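K.L.:
Residue numbers (the numbering used here), protein chains in the order written: chain A, 413 to 584; chain B, 945 to 1501.
1. Please specify which runs of the beta strand (DSSP E), each continuous and at least 3 residues long, are wholly inside the stretch 1109-1176 of chain B, giving them in chain order.
2. Check each candidate in 569/A, 547/A, 566/A and 537/A and name the one with the smallest Cα separation from residue 403/A.
3. For residue 523/A, decide whether its Cβ has a neighbour in chain B, counting only Cβ atoms nearer than 7 angstroms.
4. How is the alpha helix (DSSP H) around residue 575/A delimited, first residue to last?
5. Is it right to say residue 1249/B is buried, meaning 16 or more other beta carbons lie within 10 angstroms of its own, or is it exposed?
6. Apart from the five residues on each side of it in sequence, which residues of its chain come closer than 6 angstroms, Cβ to Cβ, to residue 1455/B?
7. Report the rounded CA-to-CA distance for residue 1489/B versus residue 1416/B, giving the unit in angstroms.
8. According to DSSP, is residue 970/B helix, strand or coil?
9. Can you pull out the residues from the stretch 493-506 of chain A whose beta carbon lies closer than 7 angstroms to at least one beta carbon of chain B?
10. Residues of the stretch 564-575 of chain A with a CB closer than 8 angstroms to any CB of chain B: list them in chain order, please.
11. Could you give the uninterrupted runs of the alpha helix (DSSP H) lying entirely in the stretch 1178-1236 of chain B, keeping only those of 4 residues or more?
12. Are the beta-carbon atoms of residue 518/A and residue 489/A separated by less than 7 angstroms?
13. Could you spell out where the alpha helix (DSSP H) holding residue 980/B opens and where it closes?
14. Relative to the C-alpha of residue 1209/B, which residue among 1164/B, 1197/B and 1074/B is closest?
15. So, at 7 angstroms on beta carbons, what are the nonlocal neighbours of residue 1197/B in its own chain, with the 5 sequence-adjacent residues on each side left out?
16. Return the residues of the stretch 1026-1059 of chain B that lie within a Cβ-Cβ distance of less than 7 angstroms from chain A, sorted by chain order.
17. Return the residues of the stretch 1105-1120 of chain B that lie within a Cβ-Cβ distance of less than 7 angstroms from chain A, sorted by chain order.
18. Is the shortest distance between the beta-carbon of residue 466/A and the beta-carbons of chain B less than 7 angstroms?
19. Between which two residues does the beta strand (DSSP E) harbouring residue 1043/B extend?
20. Apart from the five residues just before and just after residue 1031/B, which ones in its own chain have a Cβ nearer than 7 angstroms to its Cβ?
21. Note down the Cα distance separating residue 963/B from residue 993/B, rounded to an integer number of angstroms.
22. Does the distance from the CB of residue 1113/B to the CB of residue 1155/B come in under 7 angstroms?
23. Beta-carbon of residue 511/A versus every beta-carbon of chain B: anything under 7 angstroms?
24. From the beta carbon of residue 1094/B, is the nearest beta carbon of chain A less than 7 angstroms away?
25. Does the beta-carbon of residue 1233/B have 16 or more other beta-carbons within 10 angstroms, so that it is buried, or is it exposed?
26. Would you kindly report the start and end of the unbroken alpha helix (DSSP H) that includes residue 1276/B?
27. Could you tell me which chain A residues have their CB closer than 8 angstroms to the CB of residue 1227/B, listed as they occur along the chain?
28. Applying a beta-carbon distance threshold of less than 8 angstroms, which residues of chain B neighbour residue 557/A?
29. Whole angstroms is fine: what's the gap from residue 1478/B's alpha carbon to residue 1317/B's?
30. If I measure Cβ to Cβ from residue 447/A and keep anything under 6 angstroms in the same chain, skipping five residues before and after, which residues do I get?
31. Name, please, each residue of chain B whose Cβ falls closer than 7 angstroms to the Cβ of residue 527/A.
32. Could you pull out every residue in the same chain whose Cβ sits closer than 8 angstroms to the Cβ of residue 1214/B, ignoring the five residues on either side in sequence?
33. When the Cβ atoms of the stretch 1345-1356 of chain B are set against those of the stretch 1085-1099 of chain B, are three or more pairs found closer than 8 angstroms?
34. So, does the CB of residue 530/A fall closer than 7 angstroms to a CB anywhere in chain B?
35. Along the stretch 984-1006 of chain B, what residues have a CB closer than 7 angstroms to any CB found in chain A?
36. What are the start and end residues of each continuous alpha helix (DSSP H) run of 4 or more residues lying completely inside the stretch 1255-1303 of chain B, in chain order?
Next comes the structure, spelled out in structure tokens:
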């Protein structure tokens, strides 16, 4: 499945494991939240990087003590109009200090991508064709000013209002 | 032209709005070319206030806290003329709706709005909607602090909020700065009431989970007293709890009132307070300088001293009964003795409530420039307000409004009806609202009779979604559909006054459209026969109960 990162469209290096597939000794594997809860110790004991896929009803707080051990967390948008994962993303980034890859999956569309970036997502699994085309030509909706603080990497405070953010001009 | 005495955009605000207009222009282009399906386009157009109605697109323009400069009102008139049919409809959320916009014109209409520092964001979709306020803010005699300062802060924070743009359902916030609540704060998703505590400090009572619609509920107080500088953090905490736990399985159970009802106010408070404790000292804590800088923009105009008692006004009052009645119903006390707040009634006999033509809008803008510091307010009762009129100028303002058809002395009376657009425009409606309002308005057109009947609020909704606030009307009228027939359910005793907020009780079986006027007539006759000294309709109802009203209505319909 095409994966979009800031660097562009890449092949997804992660292997998504079904709950009944044995865990390989190494390699990058992505497991469900249920499996993570069940086999946490064993998963942490293996060599390769580990990722957890959350449903938008899973409590992110349950990962509080593991955020530094995880390399990927995926959050799901069953419909673009179901915005629960935005809150999960901000909590992971801003409260739980998660610094690994935060990936949006599901109904990911180009016009929602800017909101996702501002909530801390840094990669998108994209199936929607027009969205893929837009991402390929670098045509994400552009805005340079926002009325909320955010963890997006290219934004800095500006002016005197504490909630104002401006996009830092990208380095040439 | 006078300076404005409310928030002025700076370059940041202008850039932000301009970028969004261009973004929408691209989205419209993609929709027209077929690149976007209607399903994908829908949330994008809704982000910009563009609805698809029964017959056409409708553009809902945000009028933050109901405050307009004369320049802005003229621009609205101009947009209505250029892109619509030369009129607009002021809504119960202090917005303006244009009902006949073409999709390809919508970006230009938004660009025209941006020229006067306005937009149509946050007027639709499952987002924090345009924040409403007391329409007498900044002029009211009973005001503790101007609520619009806080509305503006909330407006900015909530605009295109990345976390809260896909909430379970729409989210409405209202703020009042007066003990006499004119903003209906107990029937909003969040209502905020500024008050002064025992130590003299001003803060917010935070009321959560009120609302009308299909399941009307009175909001619960989550916080008795919130320090003002923590407002955004508390709102963010509340919205986050709602975004995570609000129901998404059923459209009709998705508002925050249902969450509060299902988990209970106690549990809701615990969740919100826990979230808030984590973020209250973060980036949303409001520095005193920021609050002051915004508050300065709302500094009241320097009104010159004007006499409180004017002989010519007193004389005209004796001479002209219409003027005297207008003073009683449409003119309210101002914080300065030499001034009054004037309400221009957008409910002349038989007219659709809240409609104004471009010519009328321009006329009101001219009057505001000459006599009210260039400022106009939109009330949630769908009237326009001139907030700073000198007592001495009342006769000339009365005459000028009269020429526009906006001097009907009926504010707060039986023909000052709130009505949603109903089946004439709206795809959701079961029944017509406007023609019913018009018939009632014609029936009770005599101003003398209206003043005899006294304060009586009729509110009409064309469907259960309750855009016409029928639950809180002294008389509420709800359009229902029974096997293809439009029927009207009548309720009594609703109220939004603070401390008395109540939901109406259904009178009995719904009546047909041609019997609504007779039913209202019977209700009024019951009141006139039974009223005690100084009792309003709703007071008499509270004293004698529903039965006498019911008996008389069903004897005639």
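Note that beta-carbon positions come from the ideal geometry of N, C-alpha and C, so glycine has one too.
Note that the coordinates shown come from a computational prediction; the quantities given were computed from them, not determined experimentally.
P.N.:
Answer, in terms of the structure:
1. 1117-1120, 1134-1140, 1146-1152 and 1164-1171
2. Chain A is shown only over 413 to 584; residue 403/A falls outside these bounds and no answer can be derived.
3. yes
4. It is not in any alpha helix (DSSP H) - residue 575/A carries neither H nor E in the DSSP assignment.
5. exposed
6. Spatial neighbours of residue 1455/B in its own chain (CB-CB distance under 6 angstroms, excluding positions within 5 residues in sequence) are listed in chain order as 1432, 1463 and 1501.
7. 17 angstroms
8. If DSSP states are grouped into helix, strand and coil, residue 970/B belongs with the helices.
9. 493, 494, 495, 496, 498, 499 and 502
10. 570, 571, 572, 573, 574 and 575
11. Complete alpha helix (DSSP H) runs here, min 4: 1200-1207 and 1209-1223.
12. Contact flag set, yes.
13. First-last for residue 980/B: undefined, no H or E at that position.
14. 1164/B
15. 1191
16. none
17. 1105, 1106, 1107, 1109, 1110 and 1111
18. Closer than 7 angstroms: no.
19. 1040-1045
20. 1024, 1299, 1300, 1301 and 1302
21. 16 angstroms
22. no
23. no
24. No, residue 1094/B lies away from the interface with chain A (no Cβ there is under 7 angstroms from its Cβ).
25. Flag for residue 1233/B reads exposed.
26. First-last for residue 1276/B: 1275-1277, but that is the beta strand (DSSP E), not the alpha helix (DSSP H).
27. 561, 574 and 575
28. 956, 959, 960 and 963
29. 36 angstroms
30. 431
31. Within 7 angstroms Cβ-Cβ: 1106 and 1109.
32. none
33. By the Cβ test, the stretch 1345-1356 of chain B is not in contact with the stretch 1085-1099 of chain B, since fewer than three Cβ pairs between them sit closer than 8 angstroms.
34. yes
35. 984, 987 and 988
36. 1255-1263 and 1265-1274
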